[in-house]
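There are 2 protein chains.
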Amino acid sequence: MKEINNNTIAEELREAGVRASSARVMILKYLLKERNHPTADRIYTDITEHLPGLSRTSVYNTLATLQDAKLVRPLTIDGTEMRYDATVEDHGHFKCESCGKVYDISADMNGIKVSGIRGFRISQRDLILRGTCPHCARKQLDMQ
Amino acid sequence: MKEINNNTIAEELREAGVRASSARVMILKYLLKERNHPTADRIYTDITEHLPGLSRTSVYNTLATLQDAKLVRPLTIDGTEMRYDATVEDHGHFKCESCGKVYDISADMNGIKVSGIRGFRISQRDLILRGTCPHCARKQLDMQ
DNA sequence: TTTCATTTCTGTAACTGTTACAATAATTAT
DNA sequence: ATAATTATTGTAACAGTTACAGAAATGAAA
Numbered sequence: 174m175k176e177i178n179n180n181t182i183a184e185e186l187r188e189a190g191v192r193a194s195s196a197r198v199m200i201l202k203y204l205l206k207e208r209n210h211p212t213a214d215r216i217y218t219d220i221t222e223h224l225p226g227l228s229r230t231s232v233y234n235t236l237a238t239l240q241d242a243k244l245v246r247p248l249t250i251d252g253t254e255m256r257y258d259a260t261v262e263d264h265g266h267f268k269c270e271s272c273g274k275v276y277d278i279s280a281d282m283n284g285i286k287v288s289g290i291r292g293f294r295i296s297q298r299d300l301i302l303r304g305t306c307p308h309c310a311r312k313q314l315d316m317q
Numbered sequence: 174m175k176e177i178n179n180n181t182i183a184e185e186l187r188e189a190g191v192r193a194s195s196a197r198v199m200i201l202k203y204l205l206k207e208r209n210h211p212t213a214d215r216i217y218t219d220i221t222e223h224l225p226g227l228s229r230t231s232v233y234n235t236l237a238t239l240q241d242a243k244l245v246r247p248l249t250i251d252g253t254e255m256r257y258d259a260t261v262e263d264h265g266h267f268k269c270e271s272c273g274k275v276y277d278i279s280a281d282m283n284g285i286k287v288s289g290i291r292g293f294r295i296s297q298r299d300l301i302l303r304g305t306c307p308h309c310a311r312k313q314l315d316m317q
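Listed in order, the protein sequences are those of chains A and B. Sequential numbering of the first sequence, starting at 174, is according to the numbering used here. Sequential numbering of the second sequence, starting at 174, is according to the numbering used here.
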């Protein structure tokens, strides 16, 4: 497990071919540390709470740059807002429809039998499960 | 294959426990016939082109009703807009990043090995593949 | 049928997430 | 140091969605 600090992140950025500007380091560090599938707005508010001087537009610009550099993956779990994930390895997500929280799940997508995709070139696979998380399921039982 | 006409659709609505208003029949018929994973706006423009007198808000309201009645499934393939699908059976989607088209694919999700979801109650599974569709892949080759 | 209560639909306006754009600031190369 | 490029900011526009109040349609009861 590589340590996460400004230097390692700056290096990772340069390796990916982009300049290690302060906004990029901040945002990538946030994504690597929190791993909470945040929205752009969540990133903005969390970072500026401690370090003002970052604009909302810069968050969007930076996220676009990090996506292009394949350092960050966009998640389209909700229909109306993007979420972002610094984990690039194949994995799935569970969205609790009760509390809204998004959980990482490990899923072996090679086991999926897919047909009717002859000639399709696949570059990304997203698996999203929806339902109720254990915490909310227990709460619902208690209320009965 | 059951025939799709206003009567069978009205009956389907009533069976699902909702009134068969004209807006609901129109929109469900559109979804069943077109099967093009439309956005709310696409539904609105396509229907009002031939039959004016349907409001954009009614499209949203109706889609929410049809979702509650489990007749329509929301798709969150893009981050900024919802799409809708009248097919309820488990299947996946392929989004071509080049032309934007969304294809249905048949996927057996029972083969997925998922771990780390003890206690999670799953109500829906979405599989989204992204990449290049055969049509666009051929175009890209031609250009080289 | 007429009346009443409820449900559905409409139009406007607000709201949220995102993007475009021009101006400023910072960085890199010359 | 200077110029050219790149990054960041703030404002404003834009798109998709939702809230809300009033109008219309529907269903039930008399």
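Glycine included, every Cβ here is placed at the ideal spot set by N, Cα and C.
In whole angstroms, what separates the C-alpha of C269/A from that of T249/B?
For the purposes of this step, residue 269/A is taken as residue 96 along the first sequence, with counting starting at 1. For the purposes of this step, residue 249/B is taken as residue 76 along the second sequence, with counting starting at 1. For C269/A and T249/B, the distance between alpha carbons rounds to 15 Å.
Starting from P211/B, follow its DSSP beta bridges and name the residues at the other end.
The residue labelled residue 211/B in the question sits at position 38 within the second sequence. In DSSP, P211/B forms no bridge with anything.
Got a sec, what are the start and stop residues for the alpha helix (DSSP H) V182/B sits in?
Taking the second sequence and counting its residues from 1, one reaches residue 182/B at position 9. The sequence given here has Ile at residue 182/B, not Val. Counting along the chain, the alpha helix (DSSP H) containing I182/B begins and ends at 179-188.
If we cut at 8 Å on Cβ distances, does Q326/A have a partner in chain B?
Summary: the structure shown does not reach residue 326/A, with chain A confined to residues 174 through 317, and so no result is reported for it.
Give a yes or no on whether the minimum CB-CB distance between R303/B and chain A is below 8 Å.
One-based indexing of the second sequence puts residue 303/B at position 130. Closer than 8 Å: yes.
Assuming I182/B contacts V198/B (C-beta within less than 8 Å), just tell me the rounded distance between them.
Position 9 of the second sequence holds residue 182/B. Position 25 of the second sequence holds residue 198/B. Right, the Cβ-Cβ distance comes to about 5 Å (below 8 Å), so this counts as a contact.
Check S279/A in the structure and name its three-state DSSP category.
Reading the first sequence from its first residue, position 106 is the one you call residue 279/A. It is a strand residue.
Using the beta-carbon of each residue, which ones in chain A are nearer than 7 Å to C272/B?
Reading the second sequence from its first residue, position 99 is the one you call residue 272/B. Simply none; closest approach about 12 Å.
Kindly say whether A310/A, judged by its beta-carbon, lies nearer than 8 Å to any beta-carbon of chain B.
For the purposes of this step, residue 310/A is identified with residue 137 of the first sequence, where counting begins at 1. Closer than 8 Å: yes.
Neighbour list for Q247/B in chain A, Cβ cutoff strictly below 8 Å:
Within the second sequence, the letter at position 74 stands for residue 247/B. Contrary to the premise, residue 247/B reads as Pro rather than Gln in this sequence. Here the neighbours are G252.
As a quick exercise: from N179/B, C306/B, A189/B, pick the residue whose alpha carbon is nearest that of K202/B.
Here residue 202/B is taken as the residue at index 29 of the second sequence, counted from 1. It is N179/B.
Within 8 Å, strictly: CB atoms of L244/A and I295/B:
Position 71 of the first sequence, counted from the start, is the residue given in the question as residue 244/A. Position 122 of the second sequence, counted from the start, is the residue given in the question as residue 295/B. No, they are not a contact pair.
Could you tell me which of D251/B, L239/B, N234/B sits nearest to T260/B, measuring between CA atoms?
By one-based count along the second sequence, residue 260/B stands at place 87. T260/B has its Cα closest to that of L239/B, out of D251/B, L239/B, N234/B.
Spell out whether any CB of chain A is found under 8 Å from the CB atom of R208/B.
The sequence position of residue 208/B within the second sequence is 35, counting from 1. Not closer than 8 Å to any Cβ of chain A, the Cβ of R208/B fails to qualify, so no.
Cα-Cα separation, L314/A to P307/A:
Against the first sequence, residue 314/A aligns to sequence position 141. Against the first sequence, residue 307/A aligns to sequence position 134. Looking at the two C-alpha atoms, the distance is approximately 11 Å.
Where does T238/B sit, in a helix, a strand or coil, going by DSSP?
By 1-based counting over the second sequence, the position of residue 238/B is 65. Helix.
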